[in-house]
Amino acid sequence: MSTTVWIILAAAVMTYLTRIGGHMILSRFERIHPRVEAGLNAVPAAVLTTLVAPAAMSGGVAELAALATGAAVAFLVGGMMPMFLTSAAVLILLRHLIG
Amino acid sequence: MATDIVKDSTGPGELAQGLRDSLPVVVAAAPFGVLFGALAADNGLTAFEAMLMSATIFAGASQMVGIELFGQKVAPWLIVVSIFAVNFRHVLYSATLGRKITHWSPVQRLLGFFLLVDPMFAEAERRGEQGKRISFLWYLGAALPVYVTWVAEAWVGALFGRMMPDTHALGIDFLLPIYFLGLVMGFHKRPLWLPVVAVSAVASIIAYKTVGSPWHVSIGAFAGVLLAAVMAPTSGGQEEQP
Chain A
6 MSTTVWIILA AAVMTYLTRI GGHMILSRFE RIHPRVEAGL NAVPAAVLTT LVAPAAMSGG
66 VAELAALATG AAVAFLVGGM MPMFLTSAAV LILLRHLIG
Chain B
59 MATDIVKDST GPGELAQGLR DSLPVVVAAA PFGVLFGALA ADNGLTAFEA MLMSATIFAG
119 ASQMVGIELF GQKVAPWLIV VSIFAVNFRH VLYSATLGRK ITHWSPVQRL LGFFLLVDPM
179 FAEAERRGEQ GKRISFLWYL GAALPVYVTW VAEAWVGALF GRMMPDTHAL GIDFLLPIYF
239 LGLVMGFHKR PLWLPVVAVS AVASIIAYKT VGSPWHVSIG AFAGVLLAAV MAPTSGGQEE
299 QP
């Protein structure tokens, strides 16, 4: 099997461990320490931010305008689809206009 | 401490209700399932590998992170760790849902947790709040359509991704940051969201410029998580247990 397949299978096992691990480990405790819980709560936003920030930094006018529009729509309207479609539309439009 | 001894509701009604509940999720996830397949092909994965990823990992955001790193040819273990880091939030879902499905058999739980994606957690929480029991049949009905279509979409996306003409003009190369931003925004009601996002953003940019990719992901994320742990209020009336 190729390296890619092995990476995928290893990642699948690790992902399954996150899905079963919380039940197996955390449920043994009466309660989670507030700091641990706050830290775990922050994990998704923290990880995903690191995937946006460098891209935003190296982006041009079209990219920055798209992200700004997306953030605004997410705040005002909410939901993934409106935000995603508006942001992508701004990106495509500006790339056609600016080049 | 009330232990519910209601008999597990079974039968086609529960399954049908689950199938109905899955519809909005299937529709909302479809573009991203196809997008994943297309981007996977764009980053050099075969259609089989894209489908295998959707079928075995079954976690959208982390799959996107994975193919982003495949494209950059980074060390294999780093890809696995990055996917694990993005999926780490499931630990909390698992702990929360686990208390509500103690009436499931061990095999049912093993399967149920495999299917525990973000929208499934949300749907299960919603059903629990309605005072309804989370039966295995309902859960299966709600989760299976999402799973089956997700895997099929990876295949469709991988096929069409290969014939995608001008990815720059169509903005395909920048759709991932937009999608990730959407996910980040989705968490904006969580406590300490803004400080966490701000610190992670700054830390990841500094790390990106000094240490380099893909370490900026771990370093930036760690900075945000640490801030949340430090800033968390530890005293006072926030001890409510579900």
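Quick note, the sequences are listed as chains A and B, same order. The number in my numbering is simply the position in the first sequence, starting from 1, with 5 added. The number in my numbering is simply the position in the second sequence, starting from 1, with 58 added. Yeah, the Cβ is synthetic: ideal placement off N, Cα and C, and Gly gets one too.
Could you give the distance in angstroms between the alpha-carbon of G215 (chain B) and the alpha-carbon of V48 (chain A)?
Here the question's residue 215 (chain B) lines up with position 157 in the second sequence. Here the question's residue 48 (chain A) lines up with position 43 in the first sequence. When rounded, the distance between both Cα atoms is 29 angstroms.
Any C-beta of chain A sitting closer than 7 angstroms to the C-beta of A287 (chain B)?
To locate residue 287 (chain B), count along the second sequence from 1; it is residue 229. Chain A, which has a Cβ nearer than 7 angstroms to the Cβ of A287 (chain B), makes this yes.
Hey, is the stretch 249-268 of chain B in contact with the stretch 121-134 of chain B, meaning 3+ C-beta pairs nearer than 8 angstroms?
no
If I follow the unbroken alpha helix (DSSP H) through A15 (chain A), where does it start and stop?
Locating residue 15 (chain A) in the first sequence gives position 10, where the first residue counts as 1. Unbroken alpha helix (DSSP H) run through A15 (chain A): 8-30.
List the residues of chain A that T114 (chain B) touches, going by C-beta distances under 7 angstroms, in chain order.
Here the question's residue 114 (chain B) lines up with position 56 in the second sequence. Near T114 (chain B) (Cβ distances below 7 angstroms), the residues of chain A are I13, L14, A17.
Does the structure place the stretch 231-246 of chain B close enough to the stretch 82-100 of chain A that three or more beta carbon pairs sit under 8 angstroms?
yes
Please confirm if F89 (chain A) has its CB atom under 7 angstroms from at least one CB of chain B.
As a first step, residue 89 (chain A) must be located in the first sequence, where it is residue number 84. F89 (chain A) counts as touching chain B.
Would a check of beta-carbon distances place R147 (chain B) closer than 7 angstroms to chain A?
Position 89 of the second sequence, counting from 1, holds the residue named residue 147 (chain B). Closer than 7 angstroms to some Cβ of chain A, the Cβ of R147 (chain B) qualifies, so yes.
Which residue marks the beginning of the alpha helix (DSSP H) containing E35 (chain A), and which one marks its end?
For the purposes of this step, residue 35 (chain A) is taken as the residue at position 30 of the first sequence. Here E35 (chain A) belongs to no alpha helix (DSSP H), and DSSP marks it neither H nor E.
Should G156 (chain B) and H28 (chain A) be called a contact, given that it needs their Cβ atoms to be closer than 7 angstroms?
The residue you call residue 156 (chain B) lines up with position 98 of the second sequence. The residue you call residue 28 (chain A) lines up with position 23 of the first sequence. Contact flag set, yes.
When burial is assigned at 16 or more other CB atoms within 10 Å of the CB, is A96 (chain B) buried or exposed?
Mapped onto the second sequence, residue 96 (chain B) falls at position 38. The residue is buried, with at least 16 neighbouring Cβ atoms inside 10 Å.
List the residues of chain A that L233 (chain B) touches, going by C-beta distances under 7 angstroms, in chain order.
Position 175 of the second sequence, counting from 1, holds the residue named residue 233 (chain B). Ordered by position in chain A, the residues that pass the 7 angstroms Cβ test against L233 (chain B) are A93.
Any beta carbon from chain B within less than 7 angstroms of G65 (chain A)'s own beta carbon?
For the purposes of this step, residue 65 (chain A) is taken as residue 60 along the first sequence, with counting starting at 1. No, its Cβ sits nowhere closer than 7 angstroms to a Cβ of chain B.
Pick out the complete alpha helix (DSSP H) segments inside the stretch 85-122 of chain B, 4 residues or longer, and give them in chain order.
105-114
In this structure, how does DSSP classify H101 (chain A) when only helix, strand and coil are distinguished?
Along the first sequence, read from residue 1 onward, the residue named residue 101 (chain A) stands at position 96. DSSP places H101 (chain A) in helix when its eight states are reduced to three.
Enumerate in chain order the residues of its own chain whose CB-to-CB distance from M6 (chain A) is below 7 angstroms, with the five nearest sequence positions on each side excluded.
By one-based count along the first sequence, residue 6 (chain A) stands at place 1. Result list for M6 (chain A): empty, nothing under 7 angstroms.
Under the rule that 16 or more other beta-carbon atoms within 10 Å means buried, what is T8 (chain A), buried or exposed?
Walking along the first sequence from the start, residue 8 (chain A) turns up at place 3. Exposed, because fewer than 16 other Cβ atoms sit within 10 Å of the Cβ of T8 (chain A).
Exposed unless 16 or more other CB atoms sit within 10 angstroms - verdict on R78 (chain B)
Mapped onto the second sequence, residue 78 (chain B) falls at position 20. So R78 (chain B) counts as exposed.
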